[in-house]
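Below is one structure, written out as structure tokens; comments come after it.
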Amino acid sequence: MSATTQTPTAPDSRTTPPSKLTTLLGDRRLPVLVTATLFLAMYIAGLSRYQNYGFGEPQVFLNLFIDNGYLLVAAVGATFVILSGGIDLSIGSVIGFTTMFTAWLVERQGVSLPLAVLLALGVGAFGGFLMGYVIHNFEIQPFIVTLAGLFLFRGLCLVISKESISISDSSVSSLAQTRVSLGLGELSIGAIAALVVIGVAFYVLHYTRFGRRVYAIGGNEQSAMLMGLPQGRTKIAVYTVSGFCSALAGLLFMLYIQSGDPLHAVGMELDAIAATVIGGTLLTGGSGYVIGTLFGVLVLGLIKSIIQFEGTLSSWWTKIATGVLLCAFILIQRAMTARKQT
Amino acid sequence: MAEPRPVLEMTGIVKEFPGVRALSGVDFRLFPGEIHALMGENGAGKSTMIKVLTGVYSLDGGTITLDGKSVRFASPLQAQQAGINTVYQEVNLCPNLSVAENIFIGREPTRFGRIQWKRMRKEAAELVDRLGLDIDVTAPLSAYPLAVQQLVAIVRSVSTGDGDGEGQGTKVLVLDEPTSSLDRDEVLELFRLMRRLKDDGVAILFVSHFLDQIYEICDRMTVLRNGTLVGEHMVSDLDQVGLIQLMIGKELDKLEELHEHQLRADVGETLLHAEGLGRTGGIAPFDLEIKKGEVVGLAGLLGSGRTELARLLFGADQPDSGKVTVDDKQVPMNAPNDAIGAGVAFCSENRKAEGLVPDLTVRENIILALQAARGWTRPIPAAQRDELVAKYIKALDIRPANPEARVGQLSGGNQQKVLLARWLITQPKLLILDEPTRGIDIGAKAEIQKLVVSLSEDGMSVLYIAAELEEVLRLSHTIGVLRDRKLVARLTNGPEITPSRILETIASGEHQ
Ligand SMILES: Nc1ncnc2c1ncn2[C@@H]1O[C@H](COP(=O)(O)OP(=O)(O)OP(=O)(O)O)[C@@H](O)[C@H]1O
Ligand SMILES: [Mg+2]
Numbered sequence: 001m002s003a004t005t006q007t008p009t010a011p012d013s014r015t016t017p018p019s020k021l022t023t024l025l026g027d028r029r030l031p032v033l034v035t036a037t038l039f040l041a042m043y044i045a046g047l048s049r050y051q052n053y054g055f056g057e058p059q060v061f062l063n064l065f066i067d068n069g070y071l072l073v074a075a076v077g078a079t080f081v082i083l084s085g086g087i088d089l090s091i092g093s094v095i096g097f098t099t100m101f102t103a104w105l106v107e108r109q110g111v112s113l114p115l116a117v118l119l120a121l122g123v124g125a126f127g128g129f130l131m132g133y134v135i136h137n138f139e140i141q142p143f144i145v146t147l148a149g150l151f152l153f154r155g156l157c158l159v160i161s162k163e164s165i166s167i168s169d170s171s172v173s174s175l176a177q178t179r180v181s182l183g184l185g186e187l188s189i190g191a192i193a194a195l196v197v198i199g200v201a202f203y204v205l206h207y208t209r210f211g212r213r214v215y216a217i218g219g220n221e222q223s224a225m226l227m228g229l230p231q232g233r234t235k236i237a238v239y240t241v242s243g244f245c246s247a248l249a250g251l252l253f254m255l256y257i258q259s260g261d262p263l264h265a266v267g268m269e270l271d272a273i274a275a276t277v278i279g280g281t282l283l284t285g286g287s288g289y290v291i292g293t294l295f296g297v298l299v300l301g302l303i304k305s306i307i308q309f310e311g312t313l314s315s316w317w318t319k320i321a322t323g324v325l326l327c328a329f330i331l332i333q334r335a336m337t338a339r340k341q342t
Numbered sequence: 343m344a345e346p347r348p349v350l351e352m353t354g355i356v357k358e359f360p361g362v363r364a365l366s367g368v369d370f371r372l373f374p375g376e377i378h379a380l381m382g383e384n385g386a387g388k389s390t391m392i393k394v395l396t397g398v399y400s401l402d403g404g405t406i407t408l409d410g411k412s413v414r415f416a417s418p419l420q421a422q423q424a425g426i427n428t429v430y431q432e433v434n435l436c437p438n439l440s441v442a443e444n445i446f447i448g449r450e451p452t453r454f455g456r457i458q459w460k461r462m463r464k465e466a467a468e469l470v471d472r473l474g475l476d477i478d479v480t481a482p483l484s485a486y487p488l489a490v491q492q493l494v495a496i497v498r499s500v501s502t503g504d505g506d507g508e509g510q511g512t513k514v515l516v517l518d519e520p521t522s523s524l525d526r527d528e529v530l531e532l533f534r535l536m537r538r539l540k541d542d543g544v545a546i547l548f549v550s551h552f553l554d555q556i557y558e559i560c561d562r563m564t565v566l567r568n569g570t571l572v573g574e575h576m577v578s579d580l581d582q583v584g585l586i587q588l589m590i591g592k593e594l595d596k597l598e599e600l601h602e603h604q605l606r607a608d609v610g611e612t613l614l615h616a617e618g619l620g621r622t623g624g625i626a627p628f629d630l631e632i633k634k635g636e637v638v639g640l641a642g643l644l645g646s647g648r649t650e651l652a653r654l655l656f657g658a659d660q661p662d663s664g665k666v667t668v669d670d671k672q673v674p675m676n677a678p679n680d681a682i683g684a685g686v687a688f689c690s691e692n693r694k695a696e697g698l699v700p701d702l703t704v705r706e707n708i709i710l711a712l713q714a715a716r717g718w719t720r721p722i723p724a725a726q727r728d729e730l731v732a733k734y735i736k737a738l739d740i741r742p743a744n745p746e747a748r749v750g751q752l753s754g755g756n757q758q759k760v761l762l763a764r765w766l767i768t769q770p771k772l773l774i775l776d777e778p779t780r781g782i783d784i785g786a787k788a789e790i791q792k793l794v795v796s797l798s799e800d801g802m803s804v805l806y807i808a809a810e811l812e813e814v815l816r817l818s819h820t821i822g823v824l825r826d827r828k829l830v831a832r833l834t835n836g837p838e839i840t841p842s843r844i845l846e847t848i849a850s851g852e853h854q
């Protein structure tokens with residue numbers, strides 16, 4: 001039945017790679033480029049408008065890292081989860097819980113700071129692990145499970161104490177005040193930690209098998225399973241990473257604010273997710289870069305500083321600007337995926 | 343050459359899904375160094391057998407013995423680790439990753455835990471090259487058409503175990519319809535590869551609905567029917583007619599009928615006229631005329647632009663140049679909706695990505711296009727809807743014949759039939775069929791071809807795309823020949839047109 005006639009030397013009309021335009025539009029790096037350009041444009045606009053108010057000082061730029069270090073770390077966790085095709089709504093609660101838990105350990109229980117830090121990171125990672133375990137083993141939507149995590153950790157904050165605990169431990173305040181000079185300006189410990197986290201996350205995502213599996217299950221989980229990838233283990237690990245990052249973000253937040261409070265960081269998961277999406281990571285998973293997330297956080301941070309420099313604007317404008325940006329970027333993503341399908 | 347002890351033995355395999363007994367007590371054995379065909383109609387249970395073996399589904403009864411040891415895998419990963427590598431039906435890879443990664447993921451070359459990208463790309467390029475495939479391994483998989491993806495899946499499966507030891511990891515290679523979108527050349531290349539592995543002592547389980555391929559490459563076969571074992575035979579002991587009888591359980595006369603079937607000689611006036619229609623990077627500008635009741639077949643090699651042409655006519659891709667008129671009225675062609683409004687329907691080759699909604703029922707999938715054409719505010723009356731659905735389930739012999747079944751749970755071939763029903767039900771003026779018989783068993787294939795003939799007799803025009811030249815020749819009044827993304831010739835079908843004549847036209851690429 002089939003063409004058993006021998007084939008004359010037919011020309012090789014193999015699949016040609018896609019045309020230049022489609023390559024560019026389909027390039028997964030494009031959104032990162034867009035975000036980086038946006039950041040640069042905003043920065044230049046800020047320079048021209050507030051030049052006389054010292055916007056051009058290198059320290060203003062470095063402050064973006066100092067003031068948003070915790071958000072950067074939280075957003076890295078969110079990036080892992082979103083890349084894998086999931087979502088983590090518990091980030092803000094875990095951050096709040098970590099501030100309470102550590103403050104309580106150090107101030108009320110007299111636990112030494114290093115031990116308290118280790119315990120807090122352990123609890124955060126374990127919380128993430130549990131959520132991942134439930135999501136995988138009981139096949140429940142991540143949205144639901146991490147929503148439960150959100151309430152659980154917020155509740156635990158209140159179990160520890162209903163009041164905020166301010167931190168007077170001398171090692172904490174000296175850590176918080178430490179500045180590392182870079183010549184042009186200086187960075188805090190928190191900012192440096194955040195930059196290290198970005199670097200490590202980039203390495204893990206691009207140079208380890210685990211990192212590639214995160215992309216694979218985000219691309220198509222069913223296929224990843226059929227390809228023989230341990231998709232369950234990967235998923236659990238992703239939520240563990242996110243839990244760990246949230247706890248670390250909580251520690252940085254505590255260092256920044258120097259208190260524990262049951263209502264710290266309410267809703268911060270949404271900032272982390274917004275930064276990730278603005279940084280070009282597809283909410284459907286499988287596409288994005290942690291460098292994009294860095295720019296996403298910087299853009300959000302820059303909006304905040306510009307509004308501060310403006311002076312008369314209410315801080316609510318930050319939210320409005322974030323909302324507008326988010327919409328714009330989701331539309332860009334939509335256009336890109338639509339383009340890819342044709 | 344079969345050794346006394348099989349490498350793999352499955353006995354009394356039972357698998358039940360809610361409401362369906364997919365396998366009831368099937369025995370199967372596989373010897374080292376043999377190529378063994380698993381045969382059966384659509385829905386006979388071939389893929390289920392493979393999925394039970396490789397740990398995708400759990401076993402409801404029976405035993406599996408690998409190398410004399412009783413095994414039961416909980417995941418494809420475990421099966422892989424035990425030396426069973428599988429290409430599942432439908433491409434199962436990650437479209438967002440590069441070709442190289444899709445081949446290597448899970449066992450990337452690393453040094454101190456760091457992935458060696460350069461080495462991986464180089465090795466991937468070599469592997470791909472060995473299969474005669476000339477593609478950029480750093481491009482994302484989604485940039486390539488289905489056939490290339492299928493080849494990449496094959497490359498992945500045969501190279502597993504290569505990384506650390508020289509391929510000795512693979513004991514059993516399972517290929518579930520790996521050739522369904524491949525060209526003759528690729529099939530030959532694949533067969534060469536399979537023979538090489540066979541000589542190395544690998545046992546290969548092969549599924550295909552192309553009987554010629556089975557007779558060309560396989561040593562032994564096991565035939566299933568409705569989830570039960572019909573028998574195990576040496577390929578040399580059973581001829582095609584005998585095999586078909588075993589598969590469908592009765593004599594086959596449908597094919598014979600079709601061969602004698604005369605195409606309607608007279609076709610009506612022009613239905614669709616495309617002038618200078620083209621798209622850069624897709625297909626060069628072409629003219630095409632399709633008359634009422636005419637079947638136009640498209641012939642050409644893989645990547646010659648068959649699908650691209652169809653997509654332009656349907657408005658799935660926007661043309662850069664040219665215009666289309668249907669019934670003498672110009673159609674804007676900005677989106678599929680314009681084409682649908684003008685009476686054009688398009689049955690895509692990529693049922694997984696662009697066609698079916700796996701979580702909806704058969705009924706919902708079938709009426710989707712009709713409902714969309716009517717507009718969502720005007721639901722089809724339930725009685726009329728059920729009647730229509732029942733009619734097409736029967737006409738296409740969709741199994742199980744249950745409109746409430748979820749489409750994702752149907753066998754591959756039956757899913758294809760559902761997609762076909764969806765477009766037939768809209769009663770289009772022009773029906774574009776892109777590889778409509780991919781993955782469809784021999785009986786159903788004949789049914790679908792008969793259907794095309796009778797649709798044409800009723801005055802519907804059809805644009806028919808198929809990799810098999812015989813299939814195109816059997817059905818078409820006119821054949822458009824494509825090469826290098828250009829429509830190079832238009833032949834009127836007749837006794838002098840043969841597959842080799844078409845291949846010559848493709849090779850010379852001249853206008854006639
Ligand atoms: N996940 C599932 N849930 C319910 N029923 C299923 C599921 N998978 C398969 N089935 C049913 O099991 C039967 C066997 O299907 P299977 O996919 O094994 O057929 P097949 O022989 O591979 O057919 P084809 O040639 O069309 O690929 C079919 O009736 C199908 O509807
Ligand atoms: Mg099958």
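In order, the protein sequences belong to chains X and P. Residue numbers for the first sequence, in my numbering: 1 to 342. Residue numbers for the second sequence, in my numbering: 343 to 854. Backbone N, C-alpha and C fix where the C-beta goes; we use that ideal spot for every residue, glycine too. These figures come from a predicted structure and were not determined experimentally.
Review point. Quick one: is Pro745 (chain P) buried, meaning 16 or more other Cβ sit within 10 Å of its Cβ, or exposed?
Key: buried
Point to revise | Nearest-angstrom beta carbon gap, Ala545 (chain P) and Pro374 (chain P) [assumed within contact, 8 Å] | key: Right, their Cβ atoms sit about 5 Å apart.
Exercise for review: Can you tell me which of the three DSSP states Val398 (chain P) falls into?
Suggested key: coil
Practice item. List the DSSP bridge partners of Cys560 (chain P). Key: Answer by DSSP bridge pairing: none, since Cys560 (chain P) is not bridged.
Check your understanding: Who are the near neighbours of Asp506 (chain P) in its chain, counting only those whose CB is closer than 6 Å to its CB and skipping five residues on each side?
Key -> In this predicted model, Asp506 (chain P) has a pLDDT of only 44, less than 50, meaning its place in the structure is not dependable enough to derive any value.
Review point. With 8 Å set as the bound, which would you pick, yes or no: does the beta-carbon of Phe274 (chain X) sit closer than that to a beta-carbon of chain P?
Key: The question names Phe, but residue 274 (chain X) in the sequence shown is Ala. Ala274 (chain X) does not count as touching chain P.
Point to revise | Helix, strand or coil at Thr146 (chain X) [DSSP, three-state] | key: In this structure, Thr146 (chain X) counts as helix in the three-state DSSP scheme.
Exercise for review: Answer with buried or exposed for Arg538 (chain P), where buried requires no fewer than 16 other C-beta atoms within 10 angstroms of its C-beta.
Suggested key: exposed
Practice item. Please determine if the region 379–393 of chain P and the region 562–572 of chain P are in contact, where contact requires at least 3 C-beta pairs separated by less than 8 Å. Key: Flag = yes, the region 379–393 of chain P and the region 562–572 of chain P touch.
**Study point:** Inter-residue spacing [alpha-carbon to alpha-carbon] between Leu797 (chain P) and Gln769 (chain P)
**Key:** Whole-angstrom Cα-Cα distance: 10 Å.
Review point. What do you reckon, is the C-beta of Gly754 (chain P) under 7 Å from a heavy atom of ligand 1?
Key: Relative to the non-hydrogen atoms of ligand 1, the Cβ of Gly754 (chain P) comes within a distance shorter than 7 Å of at least one.
Review point. Hey, is Ser223 (chain X)'s beta-carbon within less than 8 Å of any beta-carbon in chain B?
Key: Although the question refers to chain B, the structure presented lacks it and instead comprises the protein chains X and P.
Check your understanding: Quick one: does the C-beta of Gln672 (chain P) sit closer than 7 Å to a heavy atom of ligand 2?
Key -> no
Review point. Touch check for the region 802–811 of chain P and the region 775–787 of chain P: three-plus C-beta pairs under 8 Å?
Key: Yes, the region 802–811 of chain P touches the region 775–787 of chain P.
Point to revise | Residues within the region 192–226 of chain X neighbouring chain P, beta-carbon criterion of under 9 Å | key: Identification of residues in the region 192–226 of chain X having a C-beta nearer than 9 Å to some C-beta of chain P yields Tyr203, His206, Tyr207, Thr208, Arg209, Gly211, Arg212, Arg213, Tyr215, Ala216, Ile217, Gly218, Gly219, Asn220, Gln222, Ser223, Ala224, Met225, Leu226, given in sequence order.
Practice item. Look at the alpha carbon of Pro348 (chain P) and the alpha carbon of Arg371 (chain P), and state the distance between them as a whole number of angstroms. Key: 6 Å
Review point. Any Cβ of chain P within less than 8 Å of the Cβ of Pro31 (chain X)?
Key: no
Review point. What do you get for Gln333 (chain X), buried or exposed, if any count of 16 or more other CB atoms within 10 angstroms of its CB means buried?
Key: buried
Point to revise | Candidates P:Ile625, P:Thr719, P:Pro520, P:Gln491, of which the one nearest Leu829 (chain P) by Cα | key: P:Ile625
**Study point:** Selected residue, minimal CA-CA separation from Phe359 (chain P), among P:Leu793, P:Gly385, P:Met381, P:Asp527
**Key:** P:Gly385
Review point. What runs of the alpha helix (DSSP H), each 4 residues or longer, lie entirely inside the region 167–204 of chain X?
Key: 170–177
Exercise for review: For Val666 (chain P), write down the residues that DSSP places opposite it in a beta bridge.
Suggested key: P:Ala616, P:Val673
Point to revise | Secondary structure, beta strand (DSSP E): runs of 3+ residues fully inside the region 401–459 of chain P | key: Taking only runs of at least 3 residues, the beta strand (DSSP E) segments lying wholly in the region 401–459 of chain P are 403–408, 411–413, 426–429.
Review point. Between Gly69 (chain X) and the rest of its own chain, which residues show a CB-CB distance below 6 Å, the 5 nearest in sequence each way excluded?
Key: Gly190, Ala191, Ala194, Leu252
Practice item. Using 10 angstroms around the beta-carbon of Thr840 (chain P), count the other beta-carbons present and answer buried if the total reaches 16, otherwise exposed. Key: The residue in question, Thr840 (chain P), is exposed, as its Cβ has fewer than 16 Cβ neighbours within 10 Å.
Check your understanding: Shortest alpha-carbon distance to Leu473 (chain P) belongs to which of P:Arg456, P:Ala424, P:Asn444, P:Leu530?
Key -> P:Leu530
Review point. Is Lys540 (chain P) near ligand 2, with its Cβ less than 7 Å from a heavy atom?
Key: Not under cutoff, so the answer is no.
**Study point:** Residue nearest to Ala495 (chain P) in terms of C-alpha spacing, selected from X:Leu47, X:Ser223, X:Gly199
**Key:** When each option's Cα is compared against that of Ala495 (chain P), the closest is X:Ser223.
Exercise for review: Give a single yes or no on whether Lys665 (chain P) has its beta carbon closer than 7 Å to a heavy atom of ligand 2.
Suggested key: Taken from the Cβ of Lys665 (chain P), every heavy atom of ligand 2 lies 7 Å or farther away.
**Study point:** With 16 other Cβ atoms within 10 Å as the buried cut-off, status of Lys671 (chain P)
**Key:** exposed
Review point. Are the region 233–253 of chain X and the region 175–186 of chain X touching by the rule of at least three beta carbon pairs closer than 8 Å?
Key: no
Exercise for review: Answer with buried or exposed for Pro661 (chain P), where buried requires no fewer than 16 other C-beta atoms within 10 angstroms of its C-beta.
Suggested key: buried
Exercise for review: Mind reading off the beta-carbon distance from Ala272 (chain X) to Leu71 (chain X)? Whole number of angstroms is fine, and I expect it under 8 Å.
Suggested key: 6 Å
Point to revise | Environment of Ile355 (chain P) [buried if 16+ CB atoms lie within 10 Å] | key: buried
Review point. Which two residues bound the contiguous beta strand (DSSP E) that contains His575 (chain P)?
Key: 570–576
Point to revise | Cβ of Asn676 (chain P) within 8 Å of any chain X Cβ | key: no
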